Amino acid sequence: MHRIKWISLLCVIFTAFSLTSNAELPNATEDKVETKPAGEERFLNNIRQLTYDGKRAGEGYFSEDGNALIFQSERETDNPFYQIYLLNLLTGDTHRVSPGVGKTTCAFFRPGTDEVLYASTHHDVFAEAKQAEELKFRASGKERRYSWDYDEAMDIFSANRDGSNLMQLTDAHGYDAEGSYSPDGKYIVFCSLRDAYPKSELSPKDLKQLEVDPSYFGEIYIMNADGSDQKRLTDSPGYDGGPFFTPDGQHIVWRHFSKDGSTADIYTMRIDGSGVKRLTDFGSMSWAPYFHPSGAYVIFASNKLGFSNFELYLVDSMGRHEPIQVTSIDGFDGLPVFSPDGNRLCWTSTRNNQKVSQLYLASWNHKAALEAISISPRRQISRIPEPVEETTEPDSSFTDFADEIKGSIQQHIEFLADDALEGRMTGSKGSKRAADYIVEQFSKLNLQPAGEEGGYFQTFEFNAGSKIISEENHFLLTRKIEGTEEQLEFMVEQDFLPFSFSSNGVVEGEVVFVGYGLVAPGEAGEGYNSYAGIDVKDKIVVALRYVPEGVTAERRQQLIRYAGIRYKAVQARENGAKAFLTVAGPNSPNAGKIIPLTFDSGSADSGIIAGSITGPVANALLAQAGKNLKEAQTGLDDENPHFVGQFPLPDVKIKIAAAIEKIKKTDNNVLAMLPPSNDIENSEYIIVGAHYDHIGYGEIGSLAKGEAKKQIHNGADDNASGTAVVLKLAEMFSQERQNQPEKFKRGVIFALWSGEELGLIGSTHFVNDPVLLLEDVAAYINFDMVGRLRNNKLVLHGIGSSPIWTKLIEKRNVLIGFNLSLKSDPYMPTDVTAFYPKNVPVLNFFTGLHKNYNRPTDDAETLNYVGLERISSLAYGIVSDLISAETRPEYVKVERNKPEQGSRGTLRAYLGTIPDYTTEDTGVKLSGVVAGGPADKAGLKGGDVIIKFGTKKIENIYDFTYSLDAVKIGEPVEVIVIRDGKEVKLKVTPEARN
490 MHRIKWISLL CVIFTAFSLT SNAELPNATE DKVETKPAGE ERFLNNIRQL
540 TYDGKRAGEG YFSEDGNALI FQSERETDNP FYQIYLLNLL TGDTHRVSPG
590 VGKTTCAFFR PGTDEVLYAS THHDVFAEAK QAEELKFRAS GKERRYSWDY
640 DEAMDIFSAN RDGSNLMQLT DAHGYDAEGS YSPDGKYIVF CSLRDAYPKS
690 ELSPKDLKQL EVDPSYFGEI YIMNADGSDQ KRLTDSPGYD GGPFFTPDGQ
740 HIVWRHFSKD GSTADIYTMR IDGSGVKRLT DFGSMSWAPY FHPSGAYVIF
790 ASNKLGFSNF ELYLVDSMGR HEPIQVTSID GFDGLPVFSP DGNRLCWTST
840 RNNQKVSQLY LASWNHKAAL EAISISPRRQ ISRIPEPVEE TTEPDSSFTD
890 FADEIKGSIQ QHIEFLADDA LEGRMTGSKG SKRAADYIVE QFSKLNLQPA
940 GEEGGYFQTF EFNAGSKIIS EENHFLLTRK IEGTEEQLEF MVEQDFLPFS
990 FSSNGVVEGE VVFVGYGLVA PGEAGEGYNS YAGIDVKDKI VVALRYVPEG
1040 VTAERRQQLI RYAGIRYKAV QARENGAKAF LTVAGPNSPN AGKIIPLTFD
1090 SGSADSGIIA GSITGPVANA LLAQAGKNLK EAQTGLDDEN PHFVGQFPLP
1140 DVKIKIAAAI EKIKKTDNNV LAMLPPSNDI ENSEYIIVGA HYDHIGYGEI
1190 GSLAKGEAKK QIHNGADDNA SGTAVVLKLA EMFSQERQNQ PEKFKRGVIF
1240 ALWSGEELGL IGSTHFVNDP VLLLEDVAAY INFDMVGRLR NNKLVLHGIG
1290 SSPIWTKLIE KRNVLIGFNL SLKSDPYMPT DVTAFYPKNV PVLNFFTGLH
1340 KNYNRPTDDA ETLNYVGLER ISSLAYGIVS DLISAETRPE YVKVERNKPE
1390 QGSRGTLRAY LGTIPDYTTE DTGVKLSGVV AGGPADKAGL KGGDVIIKFG
1440 TKKIENIYDF TYSLDAVKIG EPVEVIVIRD GKEVKLKVTP EARN
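In the working numbering, each residue's number is its place in the sequence shown (first place is 1) plus 489.
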C-alpha cells in the first residue's frame, strides 16, 4: 500500500431494517437514496463500489489494456492480513496472486508482460505466528486503529499473473514496498527503509525516531525490473514514498512528509533523482499522487478539510495552480488511479454503509478536469479551496426512463399493472387473471409444473375480511325513567355496527362510561388509565374514539399509539368488561358516525364483543347520568384533573347480539421448475421468487388520500416489477437449460406468491406445506419493488444470511456496474422472512420506496426498464453461480444489531419474535425468532404458540402487540407458550428500540 500515516480505515457501521413493535415484523422504510455528493458530478459519473468480499480492500491498479485490476484485500479466513488479488473486469472473476501467507501490499502490472510485482512477508519465519497473534486479538472483540507497521521482513517480489514463477527482487533488511513499473517495464521505483539498519549504526536520536515513527526513514529507490542495480534517489529528512513514473517514463512523482510528519506534499523528479519540483504547498497531508495518462495533471489525496477526512484533488503537472477538489464526502477517499485510456478512475473509499475501505470505479471527465485547472488560481501557500455548490440533480449517465427498450419485462408489467386486473388483490378476479397469465408464460417456456396435483398452482386459504349477518345482530337499550322501564331498539348498520374483530355472541349488562378508554403506560403525567378507580367487571363499557382533543401535539403523540380501536377493546376485555362500544364525540373528526366495517386479515377475533355506536345512541345512554356527550368530552379534552370523566350509567342495561362472518377465500402460489441434470442425485434447488399480488382498490395499506384511496392501485413497482424479473429469469434459464443441461447441478424453482400484502400468506403457506423438502432448498432469491432504479443505486438485503453473497455479488456486479448498498439483515418485510427462519440463505433485491408507493399512481409508465434489464442480468449471474457450484451456500444465523438508545419517550419493547400470520389458532404462533434477540435468548422457538405474556392473556397478534407496550425495558416477563401440546413457561427480558 502506498502508505498514509495515522489514518484509520477500520470503522464498521451496520445498518438494517428495524422490526416494528406493532407486529414484530419488519416495517418497510424507504432506503435513503445515496445521491452523489455535491460537486463530484463535475468530474465523476457512474460511481459504484467495485469490491464487496472480505473485511476490506483497496489500492487497485489497472493492467496495460485496462481489462484487469490488481489489488489488495483481507478475505482469507486463516490470514487477517492483506493478500494480492487480480480482478478480471471482463468476467468479474477474481483469483489470489500472492502465496496466502504473511502480509502483502502494493501490487502493480508490468507493461508488455504477464508479470506483476508486489511486496510480501511470506518468507518471514514468523509470518504465520504473526497471523495467529492478530487472529487471536480480533477474536477477543477488541478493535485496533488501522495503521501500517512497516514490517522489517517486507520485500518486493515479481510473479506471473497466476501467482507462478515467484521471484524475490529485494532482500535488504527493512521494509521494501510501494513499488511500480516504468511504462516500458524496464525499471521499478519503490520505497525502502533499509537505511535505518543496522540499528547499531544509528545515533541515539535516530534510534528513538525509529521506535516512534519508522516511516521517517523511508526513501525512494530505483532498480532494474530484475532487481539489479538498486539506487537511492532521495536524501531529505522525512518519509518519502508512494512513487510512480510519469506517463512518459522520464520523471517520478511521489509524496514527501515533513520532518515532524505533520504534513506531506507532492513532488516530481527525474529518474536519476535530479530536477526536484514541488507541485503542492497545501499545508496538509497530501499523498498517493498518480498522473493522468495525458500527463497534464496529477490526482492525489489530502486531508485539507479535516484530519480524518481525505478527499481527492487535482493539481497541474507543473504545480502552478491551486489544487482542485474532486470528491466531497466525509470519510476516506484516496489511492486514486486512472485507467490507461484516462476515461476511468479507480480509488479506495469508505463511502459505504459499513464505512470500510473498498475499491470504487467511476467514469472520468478529462475535459472538465482541464477546464477546472485552467481557471484555478495561481498557487498560494495553504489556500483552502472554495466550497463546491451543492446539487440535487440526479445522475443522468444511466437512462432512467427509456422508451426504446420494450422487451419481455415491460410487456409483463404492462399486462400485470393494467387497470383490467384491478390491482391484483389477493383472492380477486384480477389476481386470478395474473396467475393465469403467469401459468401461460411458464407453459410457453416449457417449465415443469411444481405445484399441487401436477399443476402450477399451490392453493391456500386466507381470511378475506368479514361481513355482517344483519338478521342476527341486535342492540337493545333498556332504561328506567321516573320508575318506568323503557326499551329502545337500535338498528344495526345505522345506529350500531360490530367491528370485524368482534367476537360473536350475545351479552347483556350494565353500562359504564370510561372516557377515552385509554390505557397508556408511564409515570405520573405521562401515563393514562381510563379504568383507574372504576369497576367495569361484567359490564359493558362505552368509550370515546381517538385521544383528548385539547392536548398538546407532544401529548397527542404520546397517546395516539394507544388509541387504536382494537387496542381499546382489548383493554376493556382485560379489565373484565363483557363488551366494548365506542363513539366519536362532537369535538372529534367523524363526530357521531359509526365506523364502517374494515378489512382485517387476522383470523382470530379479539375475545370481546365490540362495535361502534352513533352520537344519538351515546347521548341516550349518558342521559341516565344526567350528562351528554358534548359535556363529557369537553371535560376530558384538556385532561382537567378535577373533572370526573369515568362513571357508571344508572338504571340502564344493554343487550347486544353480534354476528360477524369471516369471509374465507382461496388464492394460488404459481410454481414452476427447471430440474437439475439427470445424473444428479439428492437434488437441491434454488428458489427465485416474488409476490404478484397488490392492494386492489386500496382496501389495505393505501397511502392515497380522499377519493384517490378508492381508485385502482395497479402496483407496477409493487410488485409487477419483481414478478416480471422472475419471468425474465425463467426465460433466460429455460434457454440455458436447453443449451447447457450439465451446468444445472441444482434445479431452479420459479415461485410467484400471492397474499404477501396480507402478511406473507402465500410464501408462509409454502414453507409450512412445501412441495419439496425444505432442506433441499439451497437458497431463496427474492425481488420486491425493483422497478424504480435511481442514481444507479440497488439495495440487496440478507447479505448476512450466507458468506457466499459478497463473493458472488462482487464477481457479477463488475460487469453490470450497480452502485450497491449491501444490507446484512435478512429479517425483511417481504417473502424472505418466510424462508430465512427455516434455515434457508436469502437475498432480496430492492430499489427503494418512492412517492407512488401504495398509491394509484404506481403505474407501468413510471418504471425504469433499463434498470430492470440490468437487475435481471445481475440476478442471472448470481443464480447461475448457485446452480453450478460444487457446494451449497452456508447458512448463517444472523443476530440483529441492537437498536441505538433513544430518548425515554421513543423507546419501545423489542423481543425479536416473527409471528405466523396465517394461523387461526388462539394465541400467537411464531414462525421463528430473531437470532440473538430477547426471545431467542429466552428459549422461544419457531412453532411456539404464545398464550400468555406477563399478566395478559394472548388470544391473537393484536393482544400480543399491545401487551408489549405495557412492559418495562430490562425487566423479565413471564411468557407461556404451547410447545408440542404442552404449556412451557419462560422468562424473556424485553430490550429497547427506537
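We treat Cβ as the ideally placed atom computed from N, Cα and C, and that holds for glycine. Values in this document were obtained by computation on a predicted structure and should not be read as measured data.
*From which residue to which residue does the alpha helix (DSSP H) around PHE1136 run?*
Premise fails: PHE1136 lies in the beta strand (DSSP E), 1136-1147, not in any alpha helix (DSSP H).
*Would you call PRO825 buried or exposed, if buried means 16 or more other Cβ atoms sit within 10 Å of its Cβ?*
buried
*Under three-state DSSP, which class holds GLY668?*
strand
*Please name the residue or residues paired with HIS1183 in a DSSP beta bridge.*
MET914
*DSSP three-state call for HIS855: helix, strand or coil?*
helix
*beta strand (DSSP E) containing THR1212: first to last residue?*
Taken as a continuous stretch (DSSP letters only), THR1212 belongs to no beta strand (DSSP E), being part of the alpha helix (DSSP H) at 1211-1228.
*Rounded to whole angstroms, what's the CA-CA distance from ASP702 to ASP638? Just pull it up for me.*
9 Å
*Residues near PHE1272 in its chain [Cβ-Cβ closer than 7 Å; skip 5 each side]*: ALA1179, GLY1211, VAL1214, VAL1215 and PHE1334
*What's the call for ARG968, buried or exposed, on a 16-neighbour Cβ count within 10 Å?*
buried
*How about TYR574 and ARG564: do their beta carbons lie closer than 9 Å?*
yes
*Have a look at the DSSP bridge pairing and note the partners of LEU1070.*
VAL1031 and GLY1100
*asked:* I need the DSSP call for ASN1341, collapsed to helix, strand or coil.
replied: coil
*Does the distance from the C-beta atom of ALA1331 to that of ALA1267 stay below 9 Å?*
The sequence given here places Val at residue 1331; Ala does not occur at that position. It is not a contact, given that the beta carbons lie outside the stated cut-off.
*Would LYS1282 be called buried (16 or more neighbouring beta carbons within 10 Å of its own) or exposed?*
buried
*Please name the residue in GLU617, LYS793 and SER552 whose C-alpha comes closest to that of ASP567.*
GLU617
_For VAL586 and GLY1394, the rounded distance between their alpha carbons_ = Its pLDDT being 30, under 50, GLY1394 is placed unreliably by the model, and nothing is read from it.
*contact_flag[the region 1135-1153, the region 900-911] where n(CB pairs < 8 Å) is 3 or more*: no
_Buried or exposed, going by whether 16 or more other CB atoms sit within 10 Å of the CB of ASP830?_
exposed
*asked:* Going by beta-carbon coordinates alone, are LEU910 and GLY916 separated by less than 9 Å?
replied: no
*Distance, PHE951 Cα to ASP1156 Cα*: 8 Å
*Distance between beta carbons of THR1319 and GLU1245, contact taken as under 8 Å*: 7 Å
*Delimiting residues of the beta strand (DSSP E) encompassing ILE1446*: Unbroken run through ILE1446 is the alpha helix (DSSP H), 1446-1453; no beta strand (DSSP E).
*List the residues that DSSP assigns as beta-bridge partners of LYS1312.*
HIS1286
*Count the other CB atoms, across all protein chains shown, that sit within 10 Å of the CB of LEU803; report buried if there are 16 or more and exposed otherwise.*
buried
*Taking 8 Å as the threshold, find out whether the region 1145-1155 comes into contact with the region 1192-1209 through three or more Cβ pairs.*
no
*Measure the C-alpha to C-alpha separation of LEU1192 and TYR1342 and round it to an integer number of angstroms.*
8 Å
_Inter-stretch contact at 8 Å, needing at least 3 Cβ pairs: the region 1070-1079 / the region 1428-1442_ = no
*Do the region 1299-1317 and the region 1224-1232 make contact, defined as three or more Cβ pairs closer than 8 Å?*
no
*asked:* Can you find the residues in the same chain that come closer than 8 Å, C-beta to C-beta, to GLU882, ignoring five residues on each side of it along the sequence?
replied: With a pLDDT of 32 at GLU882, under the threshold of 50, the modelled position of this residue cannot be trusted, and the question is left open.
*Is MET712 buried or exposed, if buried means 16 or more other CB atoms sit within 10 Å of its CB?*
buried
*asked:* On the CB-based measure, 16 or more other CB atoms within 10 Å of its CB, does ASP822 come out buried or exposed?
replied: buried
*Within the same chain, show all residues whose beta-carbon is closer than 8 Å to that of LEU655, passing over the 5 residues directly before and after it, in chain order.*
PRO588, PHE646, SER647 and ALA648
*Only counting runs of 3 or more residues, tell me where the beta strand (DSSP E) segments fall wholly within the region 959-993, in order along the chain.*
963-970, 973-979 and 985-987
*In whole angstroms, what separates the C-alpha of SER552 from that of ASN534?*
22 Å
*Out of curiosity, what's the CA-to-CA distance linking ASP695 and GLY727?*
12 Å
*By how many angstroms is the C-alpha of ARG627 removed from the C-alpha of ALA1197?*
56 Å
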